[in-house]
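Engineer:
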Amino acid sequence: MKKIAIILVALLTFSSGFKLDDSVDTNSKMKAIFIMNFTKLVEWPQAYREGNFVVGVVGESPMFQELSKMAKTKKVANQTLEIKKFDSSVDISKCHILYVSQNSKDDISDVLKQVKTNSTLIITEQQGFVDKGAGINFIIKDNRQKFELNKKNVEKYKLKVSSNLEALAFSVK
Amino acid sequence: MLTNSVFGQFVGKDNLSVALFYMQKSELDSAKKYIDLSIQEDTITSSPKKLYYRGFIYKELYKSIDKENKVSTYRLTAIESFTKLLTLNVDTNEFSESGAKILNYLATTLYNDAARLLDPDNYQTAIVNYEYYRNTMLVVNPNIDLRTQDAKFKLALASMLNRPAETEKGLDSAQVNQIEKLYLEVIAIDPNNPGANYNLAILYYNEAADIINNMDYDMDIEKLNEVQDHCIEIFLQALPYMKKSYELNYKIKETLIGLSNIYYGLNDMEKSDFYKAELEYLEAGDRHKELKIKIKELEDKGMNSAEEYKKYNTELQNLLNKYKDLEKEK
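In the order they appear, the protein sequences are chains R and Y. In terms of my numbering, the first sequence is residues 1 to 173. In terms of my numbering, the second sequence is residues 1 to 330.
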C-alpha cells in the first residue's frame, strides 16, 4: 500500500494548483456596462452627436483601464468611444461623460467648475455626491452595484433622461 | 498429443481435482477450464473449496498474463469467487482466511490502477476501479473505515478534472458541477479538509469571475442586474469555504488573495482592503527576513560600504517605517 500512497500523494501535490482568476476587475466591469447603458438612455444635444463620444476619468481609477478596453470594441451609436484621463480638475476638457473617481484629489465643486456649461453627464462613486452636483452616483446596496439619479443635475447640462433610466435607478431625485 | 497414460490418471477424478492437478503444474489455461466446469456442476451454491481455487486460479492468471490490464476480467472473476467464498454462511476455515488475504491483495491492485488511471482519457475507468476497490475492501472487512481513502481519491480526481481550467479552454458547467460535487463530498467526510475547502472556494470564485469577464458591454441593465444577482450568490457560496481555508491557515497568501477578491466581488471594499493589507503585512514580513539575511551576509564578507548593502538597508528602513511591528516578529 505504500507505493499506492506515494502515487496518490504525488498526484495531489502536482495537481492541487487551483488558481484564482484575477484577470477581471469585477466591479469596474459592472460599472462599465452601466455606463454603456447610460450612453443609450441619456440624450445629448445634436452638436454632441458628431465626432468622438468622450468619456473622461478624473483621478486614479481602474475604470480608466476598463473603459479603454470597452472603447476598443464598442461605439456609441455611430460615434467612436474615446477615453481620457484627467489627473486633476484643471486638466478637464469637453466630455460627454465625466467619471469622478473616489481617488480624485479635487473637490467635486472644482470639477463642476471645470465642466461649466458643457453637456456632460457627471458620474461619481461616493456617498452623497448625487446631492453635490453628480447626475448619477454609483452606490452599493446588498452587495450589489446600483445607481442613484439626480434628474436636475443631469438636465441642467441640457441632457435628457429617458423614463427607462429613471425606472432602473435605485433612487431618483 | 496426450497419451493414454496421461488420460489414465484422470479416470475417476472430478473436475476440481483435475483443475488442481493443472494448477500445480502451472498450466493455468487448463486449470481454468476444469475449475469452470467444476463450478458449473453446482446448481445452488458452490463449496468453499471450489470457490477458493477458482479465485486462486483466476488470480494467478491475472498475475501472470493480465497484470497490465486495468480492466482485467480475470481479476474481477477472482474477486467474485473470493467474495462468494467469504459471504458463504460457513464457519471460518483455512479457505476464508487465505481467501481474505488474496482479496485484500486484489483490492490493492484495483486501488493502484485507479490511481494510475487518473487522467483525462481514463478517469471513468479509475472511478469504476475505485468502486470495485471499495466494495472488495468491505467484503474483506465490513467494519473498515474508508473515508480517508475516499477523500484522497475524490481530491485527486477533482484536481485532475480541473486541469482544463488552467488552459484557455476553461471548464464547462457540467465539469464545474462534477468538480463541485466531489469537493462537497470530501467536505462531508472531512469538513476541515484544507484542500477541498480552498479549491471549492476558488472554483466558485472563478465561475463568477468568468461570467463577469464574458459579459458583453452592450448588456441591458435588467439583464445586468439578473447576472449580478447570480454572481453575488456564487461569491457568497465561495466565502465560507475560503474563510475555512483561512481558519486552517492553508496556503495563507493565496487564501488572503482569495478572500480579498471574493469581498471585492461582493463589493465590500472595506473587507477586501482588510485582507489585502494583511497580505501586504505578511509579504513585508517575508521581505524583512530576507533583507536581514542579505545584510548579514554582506556584513560577514566585510562589504558594509557596498552599494548593494546601502540599498538593502534603505529598503529595510522603509519597511520598518511602514510596518513598525516587524522587528518584534520573531
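Here a beta-carbon is modelled for each residue, glycine too, at the ideal position from N, C-alpha and C.
My assumption, with CB atoms under 8 Å, is that Y:Tyr309 sits in contact with Y:Thr255. Please give the rounded CB distance.
Structural biologist: In fact, because the Cβ distance is near 35 Å, the residues do not count as touching under 8 Å.
Engineer: Since Y:Met219 meets chain R, which of its residues come closer than 9 Å, beta carbon to beta carbon?
Structural biologist: By Cβ distance, chain R contributes Ile33, Met36, Asn37.
Engineer: In the DSSP assignment, find the alpha helix (DSSP H) that holds Y:Ser302 and state where it starts and stops.
Structural biologist: According to the sequence displayed, residue 302 of chain Y carries Gly and not Ser. Looking at the DSSP string, Y:Gly302 is not in any alpha helix (DSSP H), and its letter there is neither H nor E.
Engineer: Determine whether the beta carbon atoms of R:Asn150 and R:Lys173 lie at a separation below 8 Å.
Structural biologist: Contact: yes.
Engineer: For Y:Tyr74 versus Y:Leu61, is the C-beta distance shorter than 8 Å?
Structural biologist: Contact flag set, yes.
Engineer: Can you find a C-beta in chain Y that's less than 8 Å from the C-beta of R:Leu149?
Structural biologist: With 8 Å as the cut-off, R:Leu149 does not count as an interface residue toward chain Y.
Engineer: Does any C-beta atom of chain Y lie closer than 8 Å to the C-beta of R:Thr124?
Structural biologist: Cβ-Cβ to chain Y under 8 Å: no for R:Thr124.
Engineer: Distance cutoff 8 Å, beta carbons only. Does R:Leu20 sit that close to anything in chain Y?
Structural biologist: Judged by the 8 Å Cβ criterion, R:Leu20 is in contact with chain Y.
Engineer: Mark R:Asp106 as exposed unless 16 or more other C-beta atoms lie within 10 angstroms of its C-beta, in which case mark it buried.
Structural biologist: That one is buried.
Engineer: Do Y:Val140 and Y:Asn104 have their C-beta atoms closer together than 8 Å?
Structural biologist: Their beta carbons are under 8 Å apart, which means Y:Val140 touches Y:Asn104 by this criterion.
Engineer: Could you tell me whether the Cβ atoms of Y:Phe56 and Y:Ile127 are closer together than 8 Å?
Structural biologist: No, these two residues do not count as a Cβ contact at 8 Å.
Engineer: Do you know offhand how far Y:Gln116's Cα is from Y:Ala158's?
Structural biologist: Checking the sequence, you will find Arg at residue 116 of chain Y rather than Gln. Distance between the alpha carbons of Y:Arg116 and Y:Ala158: 15 Å.
Engineer: Under the three-state reduction of DSSP, which class applies to R:Tyr99: helix, strand or coil?
Structural biologist: Strand at R:Tyr99.
Engineer: Touching or not, the stretch 199-208 of chain Y and the stretch 218-234 of chain Y, by the rule of three or more beta carbon pairs under 8 Å?
Structural biologist: The answer is yes - the stretch 218-234 of chain Y touches the stretch 199-208 of chain Y, with three or more Cβ pairs under 8 Å.
Engineer: Helix or strand or just coil, what does DSSP make of Y:Gly265?
Structural biologist: DSSP places Y:Gly265 in helix when its eight states are reduced to three.
Engineer: Exposed or buried, Y:Met303, counting other C-beta atoms within 10 Å across all chains shown (16 or more means buried)?
Structural biologist: That one is exposed.
Engineer: For R:Ile97 and R:Ser23, I'd like the C-alpha separation in whole angstroms.
Structural biologist: Cα to Cα, the separation comes out at about 26 Å.
Engineer: Look up Y:Ile57 in the DSSP assignment and say whether it is helix, strand or coil.
Structural biologist: Looking at Y:Ile57 - three-state DSSP - the assignment turns out to be helix.
Engineer: For Y:Glu68, would you say it is in contact with chain R, using Cβ-to-Cβ distances shorter than 8 Å as the test?
Structural biologist: No, its Cβ sits nowhere closer than 8 Å to a Cβ of chain R.
Engineer: Helix, strand or coil for Y:Val71? Go by DSSP, reduced to three states.
Structural biologist: Y:Val71: coil per DSSP, three-state reduction.
Engineer: Is DSSP giving R:Ser171 helix, strand or coil here?
Structural biologist: Looking at R:Ser171 - three-state DSSP - the assignment turns out to be strand.
Engineer: So with Cβ pairs under 8 Å, would you call R:Asn52 a contact of chain Y?
Structural biologist: It does not: the Cβ of R:Asn52 has no partner Cβ on chain Y nearer than 8 Å.
Engineer: Can you tell me the Cα-Cα spacing of R:Met36 and R:Ala169, whole angstroms?
Structural biologist: Straight-line Cα distance between these residues: approximately 15 Å.
Engineer: Where does R:Gly128 fall in DSSP's three states?
Structural biologist: Note: R:Gly128 maps to coil in three-state DSSP.
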